[in-house]
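Q: In my numbering, the protein residues as written are 18 to 247. Every residue gets a Cβ at the ideal spot worked out from N, C-alpha and C, and that includes glycine. Treat the numbers as computed from the prediction; the structure is a model and nothing was measured.
1. Quick check on the DSSP output: what are the complete beta strand (DSSP E) runs of length 3 or more inside the region 49-100, in order along the chain?
2. Here's the rule I'm using: 16 or more other beta-carbon atoms within 10 Å means buried, otherwise exposed. How should residue 167 be labelled?
3. Apart from the five residues just before and just after residue 191, which ones in its own chain have a Cβ nearer than 8 Å to its Cβ?
4. Quick test of the definition: if touching needs 3 or more C-beta pairs under 8 Å, does the region 178-186 touch the region 194-202?
5. Grab me the residues of residue 216's own chain with a C-beta within less than 6 Å of its C-beta, minus the 5 sequence neighbours each way, in chain order.
6. Can you tell me the Cα-Cα spacing of residue 93 and residue 21, whole angstroms?
7. Look at the alpha carbon of residue 52 and the alpha carbon of residue 112, and state the distance between them as a whole number of angstroms.
8. Consult DSSP for residue 29 and reduce its assignment to one of helix, strand or coil.
9. If you reduce the DSSP assignment to three classes, tell me which class residue 19 lands in.
10. Can you list, in chain order, the residues of its chain whose CB lies under 7 Å from that of residue 18, leaving out five sequence neighbours each side?
11. Roughly how many angstroms lie between the CA atoms of residue 238 and residue 62, to the nearest whole one?
12. Opposite residue 194 in the DSSP bridges: which residues?
13. Exposed or buried, which one is residue 64 when buried takes at least 16 other CB atoms within 10 Å?
14. Under the three-state reduction of DSSP, which class applies to residue 149: helix, strand or coil?
15. Determine the closest residue to residue 220 out of 127, 54 and 194, with distance taken between C-alpha atoms.
16. Any idea what DSSP makes of residue 225, helix, strand or coil?
17. Excluding the 5 residues flanking residue 73 on each side, which residues of the same chain have their C-beta closer than 6 Å to its C-beta?
18. Do residue 70 and residue 140 have their beta-carbon atoms positioned less than 8 Å apart in this structure?
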């Protein structure tokens with residue numbers, strides 16, 4: 018399945034989550050692109066919107082990343098590697114791994130500041146909806162899972178417009194409920210599935226996150242407008 022934009026995909030996902038309109042929900046986007054998807058869900062559910070981005074750690078000669086980190090410098094190993102392989106990588110590439118961790122944590126800190134960081138107090142006892150704009154694997158979900166482990170949430174939901182079968186399997190392991198609009202064999206990079214790949218600047222993303230409550234659907238206002246039109 019292809020979409021004109023991430024906003025269009027977000028509206029389709031939001032329609033599947035309307036049963037949570039009366040719940041205390043919080044939306045966590047896993048990338049800048051996922052903010053555009055998650056914003057449409059937050060508008061419908063009257064939810065807060067946050068961003069938890071990740072950066073992959075690479076090992077020379079490997080097609081899959083060794084692991085990924087978030088802005089808290091929590092490293093999550095790629096579960097496609099065995100424990101023995103991870104230990105071998107740790108010994109052989111220790112300096113390279115640590116160098117990448119430092120560089121990529123700094124990159125994440127430049128991307129995310131207090132305007133966009135996940136606020137744990139807004140997640141406790143909430144229905145937490147974790148949003149991706151596309152998933153080729155479940156590594157970013159695993160990173161989010163490690164981040165959320167200390168937080169007591171009411172329910173964990175994973176949503177994504179398009180994902181590989183392997184990623185959907187990870188979504189099911191990660192969460193209590195899964196919504197994926199399209200499961201795609203031979204997943205291509207995420208931008209492939211959107212005609213419009215415009216992503217706002219850092220400041221634009223912050224503005225969406227900060228002002229999301231101003232965009233919430235307000236049925237009373239809609240009724241007033243309808244009455245006026247009539």
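A: On the basis of the data shown:
1. Listed in chain order, they are 65-68, 71-74, 84-87 and 92-94.
2. So residue 167 counts as exposed.
3. These residues qualify, in order along the chain: 147, 155, 158, 159, 161, 162, 173 and 175.
4. When Cβ pairs closer than 8 Å are counted between the two stretches, the region 178-186 is seen to touch the region 194-202, the count reaching three or more.
5. Counting only Cβ-Cβ distances below 6 Å, and skipping sequence neighbours, we find 49 and 50.
6. Going by the C-alpha atoms only, they are around 33 Å apart.
7. Rounded to whole angstroms, the gap between the alpha carbons of residue 52 and residue 112 is 33 Å.
8. It is helical.
9. Here residue 19 sits in coil by DSSP.
10. Cβ within range, chain order: 179, 198 and 199.
11. Low per-residue confidence applies at residue 238: pLDDT is 46, beneath 50, and the placement is therefore not dependable, though the value from the model is reported in the following sentence. Cα atoms of residue 238 and residue 62: separation of roughly 16 Å, rounded to the nearest angstrom.
12. Answer is 174, bridged to residue 194.
13. Per the 10 Å Cβ criterion, buried.
14. Three-state DSSP puts residue 149 in coil, outside helix and strand.
15. The option with the nearest alpha carbon to residue 220 is 127.
16. Here residue 225 sits in helix by DSSP.
17. Same-chain partners within the cutoff: 82 and 85.
18. No, the Cβ-Cβ distance between residue 140 and residue 70 is not below 8 Å.
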